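Protein chains in written order, with our numbering: chain A, 662 to 926; chain B, 32 to 286.
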């Protein structure tokens, strides 16, 4: 436990260092930890990706099923994002129904994908108002060492890019699966960038001990043209308007770097 | 009852479908202390939104393991009545309501001196009776007034307002139809005297430039809301003062 709950002394040290623009692990304020990305490791899933962000580890798998569209979007497929904080990932995670942290994680990841219109949902309609494809994105946190949002959003994007749809034809209203696969139609690549505010300083990609010290958290998602497509503040502290604008500019730059890991141009 | 979506939400003269200008908020009405049992309460109408906020506490915390050794635990439940929206909403808490309960709690906690009441609970209940877009902001606005009404020591009032982009134009205080038909919505909560943004979310797409303008629009809205909150709180105590004077006069007359 002592390694998880940063001792008070250590918390103080982290805060003092950040006040001087330094971090305990030697990173610059706007540096990410080392990121490793692997795609397609779960053969049973339509798409999958694992992101290691320092010691944080997130696995995302996608599944595609046939279902009904929402009433207000009869011509579009459905995107569903779910997040599981699996008990093996941290001594603070407990089995049971999703708590507010996993609900928030799933909804922030969902917001980036949905608002940037990353998936061409119109192409996933089989029969308007009756039959569409549902894309399930399941975020599985395997090791929690801070900044689950960025790791999950990146893994979710990589898993979507990795997703293969079966070929099919429609005969008398029934879907007949044909041999072969094609990629899921993707038109945008949203990336989340999360900041922690410690004292009056902003740092990107907080790891767990920095999260214990932070006053507040701010996530911005940027899409491929640099527009901001989603945002979420968390934690009990606050941001000034100037800090928010500063964060939005850094996020736009960082998103370009992160996106290169998933989309090779 | 259902509203029909107009062909255009904003006409060529920058007039919105409900007759508002781009930077004009809906009519806001706030009433303070309207629930008998609660330690503090407020009711807000913002356009067609009708929302109640009630505060209980600081009080004994149950279950006990939720007690915090150094401060009060602020607990918050944002909930929509089944009849508050077009399609009946199941009364079970949805994922959206769970998330909003969390962000609302985090938007109000910085305003409260929770350290004055260790090991207790401050319970906040927000019930949306009728929803028309911007319920989280109106809920926060009402909740902060309810906190003040309960006499909880606070650093500042938290005032909330959304801004966004609809049909290419930047607007303040989006209604439900503008939210659904628009391009972006950014709810913001703000403590004006501390220049502290305590709730910040966005969905939709904005360029860097628009982002800055929308944020400023929302902050301007928050400042207006702050005035209304103050007036509502003053009105309650002025009414009480008037009543006290009348009673005194009656007593004197009886003597």
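Cβ coordinates follow ideal geometry from the N, Cα and C atoms, glycine included.
Predicted model only: the values in this text are computed from it and were never measured.
May I have the straight-line CA-CA distance separating residue i from residue j, to the nearest angstrom?
{"i": "residue 874 (chain A)", "j": "residue 62 (chain B)", "result": "39 Å"}
{"i": "residue 797 (chain A)", "j": "residue 740 (chain A)", "result": "6 Å"}
{"i": "residue 52 (chain B)", "j": "residue 677 (chain A)", "result": "48 Å"}
{"i": "residue 779 (chain A)", "j": "residue 193 (chain B)", "result": "25 Å"}
{"i": "residue 31 (chain B)", "j": "residue 158 (chain B)", "result": "Residue 31 (chain B) lies beyond the residue range present for chain B, which begins at 32 and ends at 286; the question has no answer from this structure."}
{"i": "residue 101 (chain B)", "j": "residue 822 (chain A)", "result": "47 Å"}
{"i": "residue 182 (chain B)", "j": "residue 143 (chain B)", "result": "11 Å"}
{"i": "residue 814 (chain A)", "j": "residue 725 (chain A)", "result": "19 Å"}
{"i": "residue 234 (chain B)", "j": "residue 681 (chain A)", "result": "34 Å"}
{"i": "residue 207 (chain B)", "j": "residue 279 (chain B)", "result": "48 Å"}
{"i": "residue 242 (chain B)", "j": "residue 132 (chain B)", "result": "25 Å"}
{"i": "residue 849 (chain A)", "j": "residue 804 (chain A)", "result": "28 Å"}
{"i": "residue 710 (chain A)", "j": "residue 267 (chain B)", "result": "57 Å"}
{"i": "residue 663 (chain A)", "j": "residue 906 (chain A)", "result": "Its pLDDT being 47, under 50, residue 663 (chain A) is placed unreliably in this model, and the value from its coordinates should be taken loosely. Straight-line Cα distance between these residues: approximately 37 Å."}
{"i": "residue 924 (chain A)", "j": "residue 138 (chain B)", "result": "36 Å"}
{"i": "residue 98 (chain B)", "j": "residue 35 (chain B)", "result": "49 Å"}
{"i": "residue 244 (chain B)", "j": "residue 757 (chain A)", "result": "43 Å"}
Among the options, which has the Cα closest to the Cα of residue i?
{"i": "residue 700 (chain A)", "options": "A:917, A:816 and A:856", "result": "A:816"}
{"i": "residue 786 (chain A)", "options": "A:717, A:887 and A:736", "result": "A:736"}
{"i": "residue 876 (chain A)", "options": "A:724, A:901, A:892 and A:750", "result": "A:901"}
{"i": "residue 69 (chain B)", "options": "B:154, B:282, B:202 and B:226", "result": "B:154"}
{"i": "residue 123 (chain B)", "options": "B:94, B:108, B:175 and B:180", "result": "B:108"}
{"i": "residue 669 (chain A)", "options": "A:922, A:899, A:871 and A:890", "result": "A:871"}
{"i": "residue 825 (chain A)", "options": "A:845, A:837 and A:903", "result": "A:845"}
{"i": "residue 265 (chain B)", "options": "B:83, B:176 and B:95", "result": "B:176"}
{"i": "residue 165 (chain B)", "options": "B:195, B:156 and B:184", "result": "B:195"}
{"i": "residue 184 (chain B)", "options": "B:82, B:168 and B:146", "result": "B:146"}
{"i": "residue 774 (chain A)", "options": "A:806, A:889, A:894 and A:760", "result": "A:889"}
{"i": "residue 810 (chain A)", "options": "A:903, A:752, A:720 and A:918", "result": "A:720"}
{"i": "residue 891 (chain A)", "options": "A:771, A:675 and A:801", "result": "A:771"}
{"i": "residue 706 (chain A)", "options": "A:761, A:820 and A:718", "result": "A:820"}
{"i": "residue 781 (chain A)", "options": "A:790, A:762, A:899 and A:794", "result": "A:794"}
{"i": "residue 675 (chain A)", "options": "A:864, A:896, A:917 and A:833", "result": "A:864"}
{"i": "residue 834 (chain A)", "options": "A:757, A:789 and A:827", "result": "A:789"}
{"i": "residue 808 (chain A)", "options": "A:768, A:828, A:853 and A:818", "result": "A:853"}
Go to residue i, then tell me how far its beta strand (DSSP E) extends in each direction, as first and last residue.
{"i": "residue 111 (chain B)", "result": "104-111"}
{"i": "residue 716 (chain A)", "result": "Looking at the DSSP string, residue 716 (chain A) is not in any beta strand (DSSP E), and its letter there is neither H nor E."}
{"i": "residue 762 (chain A)", "result": "Per DSSP, residue 762 (chain A) belongs to no beta strand (DSSP E); it is in the alpha helix (DSSP H), 761-776."}
{"i": "residue 745 (chain A)", "result": "739-746"}
{"i": "residue 836 (chain A)", "result": "835-844"}
{"i": "residue 799 (chain A)", "result": "792-804"}
Since residue i is in the alpha helix (DSSP H), which residue starts that stretch and which ends it?
{"i": "residue 813 (chain A)", "result": "809-823"}
{"i": "residue 128 (chain B)", "result": "126-139"}
{"i": "residue 289 (chain B)", "result": "Beyond the ends of chain B as shown, which are 32 and 286, falls residue 289 (chain B); an answer cannot be given."}
{"i": "residue 985 (chain A)", "result": "The shown model of chain A, from 662 to 926, leaves out residue 985 (chain A), and the question about it has no answer."}
{"i": "residue 176 (chain B)", "result": "166-180"}
{"i": "residue 874 (chain A)", "result": "869-874"}
{"i": "residue 212 (chain B)", "result": "207-212"}
{"i": "residue 120 (chain B)", "result": "Residue 120 (chain B) -> no alpha helix (DSSP H), and no H or E assigned at all."}
{"i": "residue 676 (chain A)", "result": "669-680"}
query: Using a Cβ cut-off of 8 Å, which residues of the segment 239-261 of chain B contact any Cβ in chain A, in chain order?
result: 239, 242, 243, 246, 247 and 250
field: Inter-stretch contact (C-beta, 8 Å, three-pair minimum) for the segment 909-918 of chain A and the segment 254-263 of chain B
entry: no
- prompt: Is the segment 687-697 of chain A touching the segment 708-724 of chain A, taking contact as three or more C-beta pairs under 8 Å?
  reply: yes
query: Quick check: the segment 189-199 of chain B against the segment 218-226 of chain B, are there 3 or more CB pairs under 8 Å?
result: yes
query: Counting Cβ pairs closer than 8 Å, one from the segment 44-58 of chain B and one from the segment 878-896 of chain A, do we hit at least three?
result: no
message: Below 8 Å, how does it come out for the segment 742-753 of chain A and the segment 726-733 of chain A: are there three or more Cβ pairs, yes or no?
response: no
task: Select from the segment 69-88 of chain B all residues with a C-beta closer than 8 Å to any C-beta belonging to chain A, and list them in chain order.
output: none
task: Taking a Cβ distance cut-off of 9 Å, strictly less, list which residues of the segment 904-920 of chain A are near chain B, in chain order.
output: 904, 905, 906, 909, 910 and 913
message: Along the segment 720-740 of chain A, where does the CB come closer than 7 Å to a CB of chain B? Name the residues.
response: none
- request: Closer than 8 Å, Cβ to Cβ, to anything on chain A: give me those residues from the segment 218-230 of chain B, in chain order.
  value: 222, 225, 226, 227, 228, 229 and 230
- prompt: Taking contact to mean at least 3 C-beta pairs separated by less than 8 Å, is the segment 36-45 of chain B in contact with the segment 145-154 of chain B?
  reply: no
message: Give me the subset of the segment 846-858 of chain A whose CB atoms are less than 7 Å from a CB atom of chain B, sorted by chain position.
response: none
- request: Residues of the segment 883-906 of chain A with a CB closer than 9 Å to any CB of chain B: list them in chain order, please.
  value: 884, 886, 887, 888, 889, 890, 891, 892, 893, 894, 895, 896, 897, 898, 899, 900, 901, 902, 903, 904, 905 and 906
message: Along the segment 752-763 of chain A, where does the CB come closer than 9 Å to a CB of chain B? Name the residues.
response: 759, 760, 761 and 762
field: Residues from the segment 664-688 of chain A in contact with chain B, defined by Cβ distance under 7 Å
entry: none
query: Quick check: the segment 674-688 of chain A against the segment 823-843 of chain A, are there 3 or more CB pairs under 8 Å?
result: no
task: Could you please tell me which residues of the segment 140-151 of chain B, in chain order, have their CB closer than 7 Å to any CB of chain A?
output: 140 and 141
query: What are the residues of the segment 776-809 of chain A that lie near chain B, defined by any Cβ-Cβ distance shorter than 8 Å?
result: 776 and 777
Interface positions of the segment 96-110 of chain B facing chain A (Cβ-Cβ less than 7 Å), listed along the chain: none
query: If you measure beta-carbon to beta-carbon, which residues of the segment 109-139 of chain B are closer than 9 Å to chain A?
result: 118, 126, 127, 129, 130, 132, 133, 134, 136, 137 and 138
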